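Residue numbers (my numbering), protein chains in the order written: chain V, 1 to 260; chain A, 1001 to 1329.
Beta carbons: idealized from backbone N, C-alpha and C, even for Gly.
Owing to the predicted nature of the structure, the values given are computational and were not obtained by experimental measurement.
Shown next, in structure tokens, is the structure this report addresses.
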Amino acid sequence: MTGNVRIYIQAFKLAFARRMAYRGDFLFSCVLTLLYESVIPLVTVLIYGSGYSFPGWGFYEVLAIQSAFMLARGLAYPTLFGMVITTIELVKNGQFDLLLLKPRSILFITIATGIETEDLSTLLGGAVLFTIAVCNLPPAGLLNALLFIPLLLCSVAFLFSFALLMAGSSFKWVGNYRLYEIFSTVTQFASYPLSIFPSPMRAAFSFVVPIAVIAFIPASVLLGHSIEFLLLSIGTSLLFPVLGLLYWHKMLRNYTSAGG
Amino acid sequence: MTLKEDTISIVVNNLKKTFITYTRGHTFRDAVKSLFKRQKMVVEALKGITFLVEQGELTGFLGPNGAGKSTTLKILTGVLFPTGGDASVLGYIPWKHRKKYVSHIGAVFGQKSQLIWDIPPLDSFYLNRAIYDIDTGKFDHNLNSMTEMLGVRDLIRKPTRELSLGERMKCEFIMAMLHDPKIVFLDEPTIGLDVLAKDKIREFILEKNKLGVTFILTTHDLDDVEHLARRVIVINHGEIVFDDSMERLKSHMGNKKIVHVTTQKNLPPLNEAGITVSNRISEFEAELELDMSQMKLNRFIEDLNKASTISDLSIEQLPIERIIKELYA
């Protein structure tokens, strides 16, 4: 385990050094990522600024959900999600062979190879917005605040399961970039209060594909709101990484390398 | 070839690999058609190959494109599963014991890089140190000795993208051997390199081989094989067509010589048994192949001198390329 931690730290340093080779591009990418991630909170500012609202939700409460969404993505994307594009690219050109030559878990090496430091800007942006939201809301109870952390980790694990599903699919369906785009679009629903959706969608987002766990549930628990299907949502969301791991390992067997 | 049983490090027995691939024509219509129905094709990359390799051997693995060399290498490095047969390397079944097994091997692929493009090779070496859990003393010793041997001591601090192909390939070797592998698989390691870089790398391989490292070398460069390999396995259409020493490979075509001759008078017809004219350059000059089992060299020279008076004569071994071409046919 300590060996893997050492590798991960080394890989993180290298990922940073790699991006520092093109500092201008790195800074530009960070700013663009942050701007992209800030679009939804900006729309919320416009909605509330023009006198409209999401029924039953104050501006800073919605901002808390949306910044929790950014925090979850800001944690999952740099550390775990880079494996998706890395796997797609490496499988496509046959370079995935080189990861199989390392005496470590293939999944771990794939994750360590795919670290994306520029996505840390999302984490930074999320932290700033979250601080603004929390500072403008009544203080959360201690238990609520303590529960927020494991729920945020649960959210990261849920996001990771999608990384596993997408990366796993690329072993068989080589070059499936579209899947990544679909995932990014669908998960945008997670940045709004669940109550604004019709009941079938609420149910679907709670325990079929529980995207509510990405941001709505951790933020609602922090804010002390009552949540429908809370335990069912958490249970289902924890099942996803297990299924993701099984799927990824099963799909790995489809890897056929490239010619030559 | 006879091998000592207690020193065998690679055992390959009736190894088979079948791929399913899809084909289509080149027209736009074919491309659209392939969207709905694709032509499936089963490719037998390996049809049951068997061979043994002794610890410390330096074996050349030759074959034309698509012969099955790289597939064999990928199976032996644990990258691919075979469809049938067995293989064991250092007592491990590569595709079953991958994680434990690969810590004992190294691999250099001429067309795939383990180095990280935008940062110096030294950074990649440190990543490998963590991955292979190499202790500091061993790492420093191996790094120093190999950078010295390959003459890249200062280059390893420059970004990989700024290195020449030869310099990069030297660093690939260091990357692959920092953890002291017992066996190193080389897949076309000198592809695209200049003569100096090739020589340096060949020297390095021979030096490491002297220390007991087993090398399996697949290449199209017959110079590599002639300089390095003591044993050659030739594979074609997924089958082994030759497996013996370099000397035996050279004598595979029989006792033949290439003779280049220039005479003072017109050349005779040269149609006797054992003589094949490969290039009649002029009435006084020709290149021919002499099968000495049918025509003795001294008799040939005597007869030719009597008939046309030899003014110049050179005799060479049959080039290895010719032998290989014959084996591939």
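- In the three-state reduction of the DSSP assignment, A:HIS1260 falls in the strand class, which pools E and B.
- Among the residues facing chain V, A:VAL1102 is included, as its CB has a counterpart in that chain under 8 Å away.
- Counting of Cβ neighbours within 10 angstroms places V:CYS135 among the exposed residues, the total staying below 16.
- Going by C-alpha positions, A:ALA1273 is about 9 Å away from A:LEU1290.
- Taking a C-beta distance under 8 Å as the contact criterion, V:THR122 and V:ARG73 qualify as a contact pair.
- Annotated three-state conformation of A:GLN1111 is coil, per DSSP.
- Between A:TYR1132 and V:PRO103, the CB-CB gap stays under 8 Å.
- The segment 54-62 of chain V makes no contact with the segment 102-121 of chain V: fewer than 3 CB pairs, one atom from each, lie closer than 8 Å.
- For the segment 1260-1274 of chain A, there are no residues whose beta carbon sits under 8 Å from a beta carbon of chain V.
- V:GLN10 reaches chain A at TYR1126, LEU1127 and ALA1130, counting residues in chain order whose Cβ is nearer than 7 Å.
- Chain order gives the chain V residues near A:THR1077 as ASP97, LEU100 and LEU101, where near means a beta carbon separation below 9 Å.
- Under the 8 Å Cβ criterion, the segment 1090-1100 of chain A does not count as touching the segment 1111-1124 of chain A, having fewer than three qualifying pairs.
- A check of alpha carbon separations from V:LEU124 across V:PRO78, V:VAL209, V:PHE16 and V:SER220 identifies V:PRO78 as the nearest.
- In the DSSP annotation of this structure, the continuous segment of the beta strand (DSSP E) that includes A:GLN1039 starts and ends at 1039-1054.
- When C-beta distances to chain A are compared with 8 Å, every residue of the segment 167-183 of chain V stays at or above that value.
- Using a Cβ distance threshold of 8 Å, A:GLU1285 and A:SER1278 do not count as a contacting pair.
- The contact set of V:ILE217 on chain A, defined by CB atoms closer than 9 Å, is empty, because the minimum CB distance reaches about 37 Å.
- Neighbourhood of V:ARG104 in chain A, by CB distance below 8 Å: LYS1099 and ILE1131, in chain order.
- Between the segment 1041-1061 of chain A and the segment 1146-1154 of chain A there are fewer than three C-beta pairs closer than 8 Å, too few to call the two in contact.
- For A:SER1070, the uninterrupted alpha helix (DSSP H) segment begins and ends at 1069-1076.
- Within the model, the alpha-carbon separation for A:LEU1015 versus A:PHE1081 is close to 10 Å.
- Chain-order list of chain V residues neighbouring A:PRO1064: empty, with the shortest C-beta distance near 13 Å, by a criterion of under 7 Å.
- CA-CA distance, A:ARG1299 to A:ARG1231, rounds to 34 Å.
- Collapsing the DSSP output to three states places A:PHE1185 in a strand.
- The beta carbon of V:ILE106 is closer than 8 Å to those of LEU99, LEU100 and LEU252 in its chain, skipping five residues each way along the sequence.
- The beta carbon of A:PHE1139 does not come within 8 Å of any beta carbon belonging to chain V, so the residue lies off that interface.
- In the pairwise beta carbon analysis, the segment 1207-1225 of chain A is classified as touching the segment 1062-1069 of chain A: at least three pairs are separated by under 8 Å.
- Nearest neighbour of A:LYS1112 by Cα position, chosen from V:VAL91, V:PHE108 and V:ASP119, turns out to be V:VAL91.
- Per DSSP, V:PHE189 lies in no beta strand (DSSP E) and is assigned neither H nor E.
- The alpha helix (DSSP H) runs lying completely inside the segment 51-90 of chain V and spanning 4 residues or more are 59-76, given in chain order.
- Only buried fits A:ILE1205, as 16 or more other CB atoms lie within 10 angstroms of its CB.
- In this structure, V:ILE196 lies away from V:PRO41, with their beta-carbon atoms at least 8 Å apart.
- Boundaries of the beta strand (DSSP E) around A:SER1278: 1275-1280.
- The beta-carbon of A:ILE1010 is placed no less than 8 Å from the nearest beta-carbon of chain V.
- Against chain V, the CB of A:LEU1080 has a partner CB under 8 Å away; the residue lies at that interface.
- Taking a contact to require three or more Cβ pairs closer than 8 Å, the segment 31-48 of chain V and the segment 169-187 of chain V do not qualify as touching.
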